[in-house]
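Everything below concerns the one structure shown next.
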Amino acid sequence: MSEIKVKKKSFFAYIAMTISFIGSCSIFQGTAGSLRWMLFYYGSPLILLLLSIYYVSLNRDIRVKKERKFFIGLFITPRIIMVLYSCVIWLISSTAFPYISRGISNTLFQCAAYICGVCIACGEKDDILEISLASAITVFGLAYLNGFIQNGISFIYALNPFSTLADNFRQFTELHEVAYIIGLCILMNLIIGKHTSLKKKNILFWVSVIVFIIAWKRIGIFAVAITYLYFVVFSRSKKGNKSFFVKMTGIIGTIICLAYVSLIVSGKFVTLLQSLGIDMMGRDIIYAYFRKFTTFAPTFMGKGVGFVGRQFDYTTRADLYHMVSIRALHNDFFKMYIEIGYIGFIVWVFWWMIKMSQIIQKRYGVKKAFICLLFILYAFILYTTDNAESYTNFQMLLSAIITYISCFYVDNKTKDKKAESVKVI
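Residues 871 to 1295, numbered by my numbering, are exactly what the sequence shown covers, in order.
If you want it as structure tokens, here you go:
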């Protein structure tokens, strides 16, 4: 196995990402509103923004500058449109200021995540995977160490995800957002690692697989499996067929997302799962509460970005019963529908599943559009039962990977063809 090497230029990136990832974990955050919580909450994006400024100042290449500007616009444009649309909703419905402030702050954090992701990708290129994995594994290592310190030798049971005793230590092993980030990195390594300097023999890859299994985020494991299966089935297809697959995946994905939301809003989704004997772990209570704020119809305009998160601040035990301590919907599709409405939701899905692939295909080719769509597909699978759309670190890395693949990724076949062309000349 190869040794773990961190370039001097990448060390600051490793430190910054590690701090940011730590700040996303509840076991390290401390009590909400405390000094430690505030340091992580505001300090994490700040240190990443400083890192981004460093990369911008370090690389003034005209091409890189052009690509950086293009992708920042590609990612933040939907968020800006969403908050502008929300301003209209807030004005019409005379929305209280706490909802408005939450919507604006959420937008700022998301835009900052995308800007940082693009800048880091332009600065690190191939090294983005190793740095992300090293940071994520470091955070899991610190969490495991914390678990051993607090629980002693009994924490060993936490390392077996199939043991019923592992449930007692989930707060040290799940680390939701960081686990999904590792899933992104594993997927990236499986799909393009063999064509670049990102080799599967690297010890980071195998450690990340072990950590990902211990975390046992079933939707994450399912998302990696389905996305990689899709890649294996369609990656060898001809250019024309691949273009067709990209287009049809986007269209079918948009239809499925809309149908999925319709089932949730109507309550049929919960009824179906209950009839199958599937434990929803209290999500049915949360869904029932938020259904009263919405209807499934083209006339539903939404409540504005930030509504769902702020509304949790006003829920009581009478509203959510034993789920009152939960502060997230755990369903990003339902959340987006509530916040930006019927038409807004369709436009949002269309942008990610169809339009973004079309833009990348036109500018960089169908192969890169196909690979980028795979990572969007992974994210969208997570959105069905979790809050990954709101995870700033996850969105940062997602945007970084898409930027890297589009702008800087070159497989060995392309390199060989270029080399042959040079010899012939």
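Each residue gets a CB set at the ideal place from its N, CA and C atoms; glycine is no exception.
Treat the numbers as computed from the prediction; the structure is a model and nothing was measured.
Local conformation of residue i per DSSP, three classes
i, result
"Pro968", "helix"
"Asn976", "helix"
"Phe1236", "As written in the sequence, residue 1236 is Val, which differs from the Phe given in the question. Reduced to three states, the DSSP call for Val1236 is helix."
"Asp996", "helix"
"Cys1127", "helix"
"Lys1162", "coil"
"Glu1044", "coil"
"Ser872", "In this prediction, Ser872 has a pLDDT of 47, which is less than 50 and means its spatial position is unreliable; what the coordinates show is noted afterwards. Ser872 falls in the coil class under three-state DSSP."
"Asp1037", "helix"
"Tyr1279", "coil"
"Tyr1100", "helix"
"Phe1018", "helix"
"Gly1137", "coil"
"Tyr1261", "coil"
"Glu1290", "Its pLDDT being 41, under 50, Glu1290 is placed unreliably by the model, and the measurement read from it follows with that caveat. Three-state result, Glu1290: helix."
"Tyr1105", "For the sequence presented, residue 1105 should be read as Ser rather than Tyr. Looking at Ser1105 - three-state DSSP - the assignment turns out to be coil, as it is neither helix nor strand."
"Pro948", "helix"
"Met1058", "helix"
"Ile1295", "Low local confidence applies: a pLDDT of 40 at Ile1295 is under 50, so the model's placement there is unreliable, and no value is given."
Neighbourhood of residue i by C-beta distance below 6 Å, restricted to the same chain and skipping five residues each side
i, result
"Val934", "Cys992"
"Lys1112", "Val1236, Phe1240"
"Tyr1253", "Asp1202, Phe1203, Glu1259"
"Ile1044", "A small fix is needed here, since residue 1044 is Glu in this sequence, not Ile. Excluding positions up to five away in sequence, the list reads Ala1085."
Cβ neighbours of residue i in the same chain (closer than 7 Å, five flanking residues each side left out)
i, result
"Trp907", "Gln899, Gly900, Thr901"
"Asn929", "Cys992, Gly993"
"Tyr1191", "Ile1155"
Other residues of its chain near residue i: CB distance less than 8 Å, five sequence neighbours each side excluded
i, result
"Pro968", "Arg1180, Asp1183"
"Val1131", "Phe1166, Phe1203, Phe1204, Tyr1207, Phe1215"
"Ala1158", "Gly1137, Val1140"
For this session: Please determine if the region 910 to 927 and the region 1039 to 1049 are in contact, where contact requires at least 3 C-beta pairs separated by less than 8 Å.
Result: Here the region 910 to 927 makes no contact with the region 1039 to 1049; the two share fewer than three CB pairs at distances below 8 Å.
Exercise. Which residue spans inside the region 1166 to 1240 form an unbroken beta strand (DSSP E) run of at least 3?
Worked result: Every candidate beta strand (DSSP E) stretch fails here, since none sits fully inside the region 1166 to 1240 while reaching 3 residues.
Problem set entry | the region 950 to 960 in contact with the region 974 to 981 per 3-pair CB rule at 8 Å | Contact holds: three or more Cβ-Cβ distances are below 8 Å.
Exercise. Taking contact to mean at least 3 C-beta pairs separated by less than 8 Å, is the region 1259 to 1271 in contact with the region 978 to 988?
Worked result: These segments touch.
Problem set entry | Three or more C-beta pairs below 8 Å linking the region 1075 to 1090 and the region 1193 to 1210 | They do not touch, by the three-pair rule.
Problem set entry | Meets three-Cβ-pair contact criterion under 8 Å: the region 1171 to 1191 and the region 955 to 967 | Contact holds: three or more Cβ-Cβ distances are below 8 Å.
For this session: Determine, using beta-carbon pairs with one atom in the region 1000 to 1012 and one in the region 1046 to 1053, whether at least three such pairs fall under 8 Å.
Result: At 8 Å Cβ cutoff, the stretches touch.
For this session: Tell me the start and end of each unbroken alpha helix (DSSP H) in the region 877 to 928 that is at least 4 residues and wholly inside, in chain order.
Result: Whole alpha helix (DSSP H) segments, 4+ residues: 878 to 893, 896 to 899, 905 to 928.
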